[in-house]
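Remarks on the structure that follows.
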DNA sequence: CTGTTAGCGCCTTCAG
DNA sequence: CTGAAGGCGCTAACAG
């Protein structure tokens, strides 16, 4: 007994339809006008009788176009990433592409690995939410001319299309909102900035905004997502020093906002009552936590969609210079940034 | 000028190394002992000089094994799915497979589409979190003997390996917990049960548990996730009728728990104070909402990992009968199910 | 140890 | 309108 019913091939269909492979191939590729009704019908029958499906591998091998797009995501656990993914997927569907999703788990080795993997599967384009990217990998990529667009984060010294948030505008809006509502001591919290431009841009805009208000004290701190002890200490310390002055926190992304909220709760610092709080990235539970958490909502789906549109343009031969496309964030105001008397 | 630097092929490498393709192929496939050190070195050099990467498409075509696994997820937006995905991914990595992820968005047409797509890419196995599956698709799948395991949900009249939660145990635990804590009127809320066995099993176990306590009133209701009006009405009505009797809600999954929490908040029914609440699926924000929401946490990662292990077994020829593998859930107790005096 | 020879399933000239 | 022949990049006999 055969272990697996061998799939029908184009030859099987040709044989069953009493014709050559060529005609079947023509049929498959929509050249319907070029076939006599009779032949066409025989082919149709043979196909459904054998339950034939063309082998995309073979097709890709021959034509050099796989209609495959690779997506490399730094952390699929992050709702931001998932929303972006949905946008990309929609765009793929619209353009007739299939998406291969890889999750690097924020490990640079994985990133390297998946980059090679995807390219060995002959993907036609790449969307990357980068962790870091090794030099070597980048060089290879650049010479391979594989269309690629970066999402959210840029890579230092690497010229490439990027789509993401207008970080300056967003951070400015968030900061001014707090200042306008009476907060006078602001702490900007982010994960270690390292080479991540997104974090840096947000911090810089925050600083510049604060600089416009002499009465406002501003600080910033970097914490690892997993180091809840340090986070607690930082917040506690900040509150000790500025609690009387209407203190508030600006948190650079959603994952960290979750940790911050936990820490504040452990410390007994209710957001919106003892201390202000605004977080980047919309959170589905933002309205349920205490009096609600004010967030800076990104148009994530659109970012994903736009990224893939750009990839498709490049696949289709656009040779315009590298461009950076940014979207505006929207402040969703809730109780955690309540106006002070 | 060439638009794209053509990728080096195995022939190019062979030429550059002054040898035949076979030796290069051997090198690639790790048959290192079978090559003279000299040849080996020439090949190594050629490969890195040309930056050669084998074409997986061609390889797959020839060998008939692509090392590709397809994952069809009903709703990638659901954190449950993402956690499962991470488990699957880890197992893929461990087994040397690559994962193709497709999101059906709970649309049965998409499911159909992706099933065909994945099979046309010659995936060697499939993990499916099913929406519904069309008859036709199922028959084709069955005859194709493509290894497949279902996650979470079974498909009626379709015999297939399944891995998921022990729904009876979980629902029983949740129910008894509420009863033990003094709640006497229990409402089980789920999305429309339809053919989804998971929902049905949880409901049945809930009912059977309640039946053991004559003093407990039990009801159940089905609501669409998006129909917040109906949800509000149901909860309000239930509270009207049983509020005085220590009412509590059991919600069949995480996505619905979010909606329920929103509705309760709009109605001014604080969980744990005016009404009890337990939800299936752990929520990262469970401890932050009011006094916390008690959840039934599934070992999601393990479920994913186990599912893929099963797929791999089947790929490797295991012909044991179809089996169902269940994992135990764990009740994470928080304020929303606080004991009543 | 090494190279030659056939295809894998499909598409694409190029002649009927 | 139709079909035969060749080859995409790679692997798997089969000979040296």
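Chains as they are written, first to last, in this note's numbering: chain A, 1438 to 1778; chain B, 1438 to 1778. Glycine residues also receive a C-beta, built at the ideal position from the N, C-alpha and C atoms.
Secondary structure note for residue 1520/B: its alpha helix (DSSP H) is the uninterrupted segment 1516-1532. The region 1551-1607 of chain B is shown to contain whole alpha helix (DSSP H) runs of 4 or more residues at 1572-1581, in chain order. Taking all protein chains shown into account, residue 1466/B has fewer than 16 neighbouring C-beta atoms within 10 Å of its C-beta and is therefore exposed. The region 1604-1689 of chain A contains, as complete alpha helix (DSSP H) runs of 4+ residues, the segments 1604-1617, 1634-1648 and 1665-1679 (chain order).
Note on residue 1760/A: under 16 other CB atoms within 10 angstroms of its CB, so exposed under the neighbour-count rule. Counted as a single uninterrupted DSSP element, the alpha helix (DSSP H) harbouring residue 1697/B occupies residues 1691-1704. Under the 9 Å criterion on CB atoms, residue 1663/B is classed as non-interfacial with respect to chain A.
Burial is judged here by how many other beta carbons sit within 10 angstroms of a residue's own beta carbon; residue 1561/A has at least 16 and is buried.
Per DSSP, the beta-bridge partners of residue 1714/B are 1686/B. Across the region 1484-1497 of chain A, CB contacts with chain B closer than 7 Å involve 1488, 1490, 1491, 1492, 1493, 1494, 1495 and 1497, in sequence order along the chain.
Identification of residues in the region 1540-1555 of chain A having a C-beta nearer than 7 Å to some C-beta of chain B yields 1540, 1553 and 1554, given in sequence order. In the three-state reduction of the DSSP assignment, residue 1548/B falls in the helix class. A Cβ-Cβ contact shorter than 9 Å links residue 1714/A with residue 1774/A. Burial check for residue 1582/A: the Cβ neighbour count within 10 Å stays below 16, so the residue is exposed. In the pairwise beta carbon analysis, the region 1530-1542 of chain A is classified as touching the region 1493-1513 of chain A: at least three pairs are separated by under 8 Å. Pairing residue 1716/B with residue 1691/B gives a Cβ-Cβ distance under 9 Å.
Where residue 1481/B is concerned, the enclosing alpha helix (DSSP H) starts and stops at 1474-1487. A Cβ-Cβ separation of about 6 Å places residue 1702/A in contact with residue 1725/B under the 8 Å criterion. Among the residues of chain B, those whose CB is under 8 Å from the CB of residue 1558/A are 1493, 1494 and 1535, following chain order. Residues of the same chain with a CB within less than 7 Å of the CB of residue 1502/A, apart from the 5 flanking positions on each side, are 1561 in chain order. Identification of chain A residues near residue 1702/B by a Cβ-Cβ cut-off of 9 Å yields 1724 and 1725, ordered along the chain. By DSSP's assignment, residue 1510/A forms a beta bridge with 1540/A. For residue 1538/B, the chain A residues whose Cβ falls inside 7 Å of its Cβ are 1538, in order along the chain. Counting only residues of its own chain and dropping the five nearest sequence neighbours on each side, residue 1614/B has a CB closer than 8 Å to the CB of 1715, 1731, 1768, 1770 and 1774. In the structure shown, residue 1759/A falls within a coil segment according to DSSP collapsed to helix, strand and coil. Around residue 1680/B, the same chain offers 1711 and 1712 as residues with beta carbons nearer than 8 Å, after the five sequence neighbours per side are excluded. Its Cα nearest to that of residue 1621/B, the residue 1656/B stands out among 1487/B, 1602/B, 1656/B and 1628/B. At a cut-off of 9 Å between beta-carbon atoms, residue 1462/B makes no contact with chain A. If you ignore the 5 residues before and after residue 1660/B, its C-beta comes within less than 6 Å of the C-beta of 1667 and 1668, all in its own chain and listed in chain order. In the DSSP assignment, residue 1708/B forms a beta bridge with 1712/B.
Residue-level contact check: residue 1721/B touches chain A, since one or more beta carbons of chain A fall below 9 Å from its beta carbon. In this model, residue 1451/A and residue 1749/A are separated by some 34 Å (Cα to Cα). Leaving aside the five residues that flank residue 1527/B on each side, the residues in its chain whose CB is nearer than 7 Å to its CB run, in chain order, 1742. Residue pairing by DSSP places residue 1726/B opposite 1726/A in a beta bridge.
In the three-state scheme derived from DSSP, where H, G and I count as helix and E and B as strand, residue 1535/A is classed as strand.
The Cβ atoms of residue 1552/B and residue 1578/B sit closer than 9 Å to each other.
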